[in-house]
Amino acid sequence: MKLSVLIISLALLAGCASQPSAIFDINYGDTRASVVEKLGPPEDRQFKEDYEAFQYCTTGTSFGAITFNIIWLRNEVVTGMNNYTANHEGSCSGHFRQIS
C-alpha cells in the first residue's frame, strides 16, 4: 500500500514539469535548427549582432519555483548554456530576464 502511494506521488510530481528533459540533449556546437527541433521555438528570444539567446521555462521544478534555461548561440551555433531560478508560481510569462 505504501509503495503504491509513493509511486503515484512520484508520477504526479514528475507530471508537473512543463519542459521535457530534452534540455539535456543540447550540446556545444549544435545548430540553431537542432535546438528548435529538440525543444521547440524559444519562449523568449533576444539577440544582438551575431549573438542570440533562447530562453525556455520549466515550471514545477520545486515548490513555487520556475527554472529558466538560457541557450547561447553565436552565428546560429550553440556556444553555451546556463539557467536561473525565480520564485514565481504559475506561468512563465513576464518573468524572463533581460540578457546582457
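Count the sequence shown with mature numbering (1 follows the signal peptide of the UniProt record, and there is no 0) and you get residues -22 to -1, 1 to 78, in order. Note that beta-carbon positions come from the ideal geometry of N, C-alpha and C, so glycine has one too. Quantities reported herein were computed from a predicted structural model and do not represent experimental measurements.
Spatial distance of ASN53 from THR9 (CA atoms): 9 Å
Below 8 Å on the Cβ atoms is my guess for ILE44 versus ALA64; work out the distance and round it to an integer in Å. 5 Å
Is ILE44 helix, strand or coil when you go by DSSP? Three-state result, ILE44: strand.
Paired residues, beta bridge with VAL55 - DSSP: THR9, ARG52
Could you give the distance in angstroms between the alpha-carbon of GLU27 and the alpha-carbon of THR37? 31 Å
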